[in-house]
Structures are given as C-alpha cells and as structure tokens.
Amino acid sequence: MPVTIWHHTYIRTPAALLALALSIGCGEGTGSQNGLIIARVADVQITAADLDSFSQSIPTGMRRWLTPAEMRADLLESLIDKTVMLMEAEAETISEDSWFQDQFNTARRNRLLNDYRAHAIGSRVTATEEELQEHFLKTRRDRAIRFSGIMVGTLEEAEQIFEELAAGAEFHKIANERSLHRETGEKGGDAGGYKLRDQLTPALAAVLFELEVSELTEPLRMPFRGQTRWTLFKLTDEIPAPFDASAEYVREEVLSAKRAERSAEVLDSLHQVYPVEIVAGTRELMIQRFSDSVGGEVSFAAAEQALPLLRLGEASEIVLGRFVDEAFEMFIGANELADSSRVAVLLERAFIPSYLLQKAAEDSGLNSRPAFQSYLARRREELMLGALRRQEVDQHITASEEEAREFYEGHPKKFTSPETTVAVEIVVASDTLAQELKQQLQQGADAVGLAMEHTVRPGAKHHEGRINLNIYTQPFFQGVHAVARKLEIGEVGGPVRVPEGFSVFFVEDRLTELAPYNAESRRRAIAYLKIDRARRTYVSYVKGLRDRYPVEIFPEALQQMSARAAISAG
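For the record, in the sequence shown the residue sitting at position 25 is 54 according to the working numbering, with numbers rising by one throughout.
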C-alpha cells in the first residue's frame with residue numbers, strides 16, 4: 030500500500046512532539062538548580078531550567094534597564110503568558126486552523142530541504158587552491174586590461190569600420206573623427222585606466238577578456254543616450270593582476286558551479302532510487318478544471334484532492350491537493366495551472382526535484398534528528414501562538430471610516446514621509462566614464478543634462494534621472510543610498526557599482542512631506558488603529574486566560590534562583 034504524502038497530514042503531530050512543544054517542568058529534580066520549581070500554571074510546573082531556556086530566546090539587549098533579579102521576574106511573567114496561551118491553543122485545537130497548517134507545513138518543508146541540501150550538497154562541495162587558481166587563469170582574471178572603443182549609430186557603419194580597421198586603418202584616428210561617444214572619442218577611443226574583469230559589466234567583460242592585445246571585437250550592440258548604438262572595441266594593453274584582487278569572485282564562481290553539478294548528480298541518482306511517474310489522468314483533470322474556471326475560484330472535492338498526481342517509486346504518492354496547495358503558496362496563478370506546457374515545466378523544474386529531495390531527506394532520517402525536531406517544536410509553538418491571536422483577537426478588530434480620518438488628522442507625523450534624499454543619478458557602463466562625469470558634476474555641470482545624455486538605468490529618463498532615496502527605496506539603491514545619506518545637499522557621490530554599471534549622483538535636495546488623505550493613507554490609518562486595538566485587546570485576552578488557568582508563583586524559589594546565579598557569576 031503506497032504511503033500518501035499529502036500537504037495537511039504533516040500537522041498530525043505525534044505525542045512526543047507535543048510534549049516537546051510544551052516541555053514545561055521537565056527539570057532534573059527539585060534538589061538541583063535546574064529542577065527548582067519557580068511557578069505553576071494549572072497542573073504544569075515551570076522550573077528554573079525552563080526559565081533559563083526561555084531567556085536564551087530573548088534578543089540580547091532587551092530589558093537592559095532591569096537588574097538581573099528584576100529581569101528574571103519579568104521573563105517569568107512572559108513565560109507564564111506563553112504557557113497559558115499554548116494551553117489554550119491546544120484546547121481550541123488550533124492545529125486544525127488552515128493558516129497554521131499552511132505555515133507549519135511550509136516551515137517544515139523549507140527546513141527539511143535546507144538541511145538536506147546542506148547535508149547532501151553543500152557539505153560535499155569544496156574548492157582546492159589548485160581549482161581556484163585554474164579558474165582564475167581560465168577566466169583571464171590574471172590580467173587587467175586597457176581598451177578603446179568606437180561607437181556609431183548603425184550596424185552597417187560599424188561593419189564598414191571593422192573592415193577598414195582590418196585593412197590597416199588607424200583605430201585612434203577613426204575614433205577621434207567618427208565615434209559618437211565623445212568623452213573617449215576625443216582620446217582616440219581610450220576608455221582610460223586598467224580594468225579588472227569584475228570592474229566591468231559581465232556582458233562586456235565576457236567579450237573583452239577573450240581578446241589578446243591589439244585584437245578587435247565584432248560590432249557590439251549597446252544602449253547609449255536612450256538609443257541603440259554599435260561599438261567596436263580594441264584591446265590596447267594588459268598588465269598582470271594578483272589573485273587576491275578577485276579571490277572572492279573566483280571562489281564563489283567555482284563553488285557555485287560545483288553546487289550546481291552536485292545538485293544535478295543528486296537529482297539524477299534520486300530519479301533512479303524513486304522513479305517518478307506522473308499520473309496523466311489527474312494532471313489532465315487539474316488542467317481542465319483551471320481552464321474551465323475563467324478567472325473564477327476552483328475547488329476540488331475531497332476525493333479529487335486525494336487523487337495521486339505523482340508517484341515516487343512504489344511506496345509514495347504526491348496527491349493533487351498537496352500540489353495545488355503548494356502551487357498557490359508559491360503564487361503560481363490559475364492561468365499557469367491551466368496551461369499544460371507550463372504545468373510540465375513546473376513539475377520538471379520545481380516540484381519533482383523538491384519532492385525527491387524531501388523524500389530522500391525523510392528516508393535518510395534528517396527529519397528525525399533532534400535538531401530538526403527541536404526546530405519544529407519551536408516553530409510549532411510560534412505558529413500556534415500566532416494562529417490563536419489571529420483567531421481570538423485580530424479577526425475581531427475593526428475601525429470605521431470616521432475613526433480613520435480622525436486618526437490621520439490627529440497624528441500627522443505618522444503620515445509624513447521619512448527623510449528622502451533627492452538625487453540626480455547617472456549610470457554608465459564603465460568606471461572611467463563615471464569618474465569623468467563625477468568631475469564634471471563637481472565642476473558645476475548640469476546634472477539633469479548629463480543624466481539625460483548618459484544614464485542607462487531603465488526608466489530613469491522619465492524622471493530626468495532623479496531618484497528618491499529613503500528607507501523604502503533602499504533595497505533598490507542599496508550602494509547609492511548608503512553613500513548619498515552621508516552627503517550634504519550639493520555634493521557629488523560615487524562611482525558606486527550597481528547591476529547596470531557605475532552610478533554617480535548629485536544630491537539635489539532633502540525633504541519630508543505629509544501624505545494627502547487618500548486611499549493609501551486611509552489604509553494606513555485603519556492599520557494603525559487595528560494594531561493598537563489588537564495590542565490592547567491581546568493584553569486583556571491573555572490576562573483573562575490567567576483567570577482560566579490558575580497561576581501560582583513561588584517568590585522564594587525565584588529569589589533562590591537569583592542568589593545561585595549571582596554566586597555562579599561571582
């Protein structure tokens with residue numbers, strides 16, 4: 030009889046795991062410090078060991094204003110709150126809540142996959158010094174290069190120039206006369222300075238570092254001033270480069286390639302151990318249902334959810350319900366699940382590899398290891414508490430339109446944007462050009478004009494090169510944001526390496542602004558109100574649970590614990 034692997038069966042936690050999740054009062058005996066009973070919640074004892082363990086989960090730095098004894102007393106109150114909530118969560122069978130199930134299953138799956146990848150792939154991949162040196166030489170990082178370029182408007186002109194150069198024409202003369210890139214054209218095309226491979230964009234480096242000195246590239250298509258241009262490059266010189274200058278890039282590329290190779294080997298072997306069979310009838314049923322939905326919701330009967338979609342060997346099945354649940358968790362839309370070719374790709378490249386790795390991890394015993402079970406117990410507790418709060422508190426909190434407007438008018442600071450640095454940015458492909466543009470900006474050149482002429486950042490010209498740098502946009506401009514926030518208005522920053530090339534920028538202004546009352550600020554006002562009300566309601570809710578589950582604290586035992594801790598510390 031095959032074992033059905035279904036998404037929601039994971040939350041049927043064995044008694045041992047439940048005991049671990051609620052392992053309050055499991056000290057070493059009342060005669061020891063760890064077994065010292067300091068409180069009791071209903072019929073559950075809390076020991077000094079429980080409090081020590083709980084305190085280790087509190088981030089360093091919290092409650093710094095308290096004495097050690099006060100901190101223990103405060104932590105004990107928090108541990109009691111946690112205990113009564115876990116008891117209530119068990120009594121309310123929170124483990125049957127769909128939100129809890131989805132979150133717990135996802136956490137279990139992700140941890141299991143991470144552990145198996147670390148065990149079967151990451152721990153098996155190393156790079157020797159010989160391999161690193163070999164890759165260093167293979168990728169031509171043992172040299173820094175100097176090059177020149179000629180940029181023209183059409184492929185036909187670029188090909189004509191290529192033929193002229195091949196016939197002996199002087200590169201620097203043609204660059205000076207015909208290159209549209211005047212900053213380098215006036216220097217005979219010289220890009221200036223010697224560049225390491227990792228100082229160029231990957232696409233350009235892949236071409237230039239294959240050249241020998243005096244060799245030309247074929248015409249390369251490149252964006253310039255918002256238009257397509259064609260460029261010919263010539264390698265003019267090279268000098269030796271030390272390994273240390275690119276060691277980090279070399280190591281990561283070697284290890285990444287080895288991890289990919291090892292992953293392929295592992296998956297190939299797992300396909301042999303667990304031959305995969307796609308149940309065509311179930312797959313077609315699913316595709317047909319989503320095709321017929323035309324944007325509406327799709328539901329499957331319980332019997333349909335239990336239909337096998339995949340078989341891994343002879344003993345395991347992945348049922349339709351699990352696949353659909355996990356697809357939605359990954360934000361895969363109904364339109365994709367209605368497309369047979371897309372479903373085939375998803376199965377082959379994402380789901381089947383994941384299922385095989387999970388099956389192998391379980392069969393290897395990783396899911397039985399104490400570290401994994403301990404993680405599940407902690408995560409289960411966290412999610413049980415979260416689900417209980419959602420069910421008993423959060424879903425009952427409301428805020429009206431009138432209250433939202435009143436909150437907005439009474440708390441203007443909450444609707445004022447964080448300090449925003451407005452900068453005019455110019456992104457170019459080469460560090461040399463970026464340095465030249467920085468000098469021009471420092472000498473008073475028009476930042477907007479230079480941005481409109483040179484920047485290659487997508488969409489930037491719609492805003493005349495201006496970017497707003499604040500805590501919300503930081504992830505999109507990480508390097509630029511870190512530098513710009515330290516500059517004064519009127520100063521110039523960069524070059525900063527960004528994915529598109531190199532960024533230089535002129536700090537134009539700093540401002541804060543009160544948001545108007547619109548749909549977004551209304552949404553934020555309601556959120557503020559709900560958060561505050563939920564917090565106060567939550568405190569009252571937990572206080573009520575203490576009445577339902579009688580709490581008894583033993584002050585003398587707590588003092589004894591503090592005294593022993595002081596002696597140990599002394």
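Glycine is no exception: its CB is placed at the ideal position from the N, C-alpha and C atoms.
| query | result |
| --- | --- |
| Ala463 - containing beta strand (DSSP E), residue span | Per DSSP, Ala463 belongs to no beta strand (DSSP E); it is in the alpha helix (DSSP H), 460 to 471. |
| Beta-carbon proximity of Glu17 to Val477, cut-off 7 Å | What is shown of the chain runs 30 to 599, which leaves residue 17 out entirely. |
| Own chain residues within Cβ distance below 6 Å of Ala428, not counting five before or after | Ile555, Leu558, Lys559 |
| Counterpart residues of Leu385 in DSSP-defined beta bridges | Answer is none; Leu385 lacks a bridge partner. |
| Chain-order list of residues whose beta-carbon lies under 6 Å from that of Phe132 (same chain, five-residue window excluded) | Strictly speaking, residue 132 in this sequence is Gln, with Phe absent from that position. These residues qualify, in order along the chain: Leu412. |
| Residue nearest to Arg153 in terms of C-alpha spacing, selected from Glu294, Trp259, Phe191 | Glu294 |
| Identity of the residue in Glu290, Trp259, Gly218 nearest Thr265 by Cα | Gly218 |
| Residue(s) in a DSSP beta bridge with Ile179 | Leu261 |
| DSSP beta-bridge partners of Ile455 | Val533 |
| Own chain, CB closer than 6 Å to Arg254, minus 5 neighbours either side, in chain order | Glu482 |
| Inter-residue spacing [alpha-carbon to alpha-carbon] between Ala234 and Ala513 | 28 Å |
| Where Gln228 sits in the DSSP three-state scheme | helix |
| Residue environment, Ser345, which counts as buried when at least 16 other CB atoms sit within 10 Å | buried |
| Val580 (DSSP reduced to helix, strand or coil) | strand |
| Alpha-carbon to alpha-carbon, Val242 and Leu466 | 28 Å |
| Nearest-angstrom beta carbon gap, Ser208 and Ile179 [assumed within contact, 8 Å] | 5 Å |
| Whole-number beta carbon distance between Ile109 and Val580, since they are thought to touch under 8 Å | 6 Å |
| Local conformation of Ala78 per DSSP, three classes | helix |
| Element boundaries [alpha helix (DSSP H), containing Met116] | 97 to 120 |
| Selection from Arg280, Arg146, Ile150, Leu261 that minimises the alpha carbon distance to Ala195 | Leu261 |
| 7 Å Cβ cutoff met for Val533 and Glu520 | no |
| Inter-residue Cα distance where the pair is Ala563 and Lys572 | 14 Å |
| Best match in Gly342, Phe329, Glu313, Glu160 for proximity to Glu282 [C-alpha to C-alpha] | Glu160 |
| Euclidean distance between Cα positions of Phe583 and Leu498 | 54 Å |
| For Gly523, the nearest candidate out of Asn547, Thr541, Ala452, Phe505 (CA to CA) | Ala452 |
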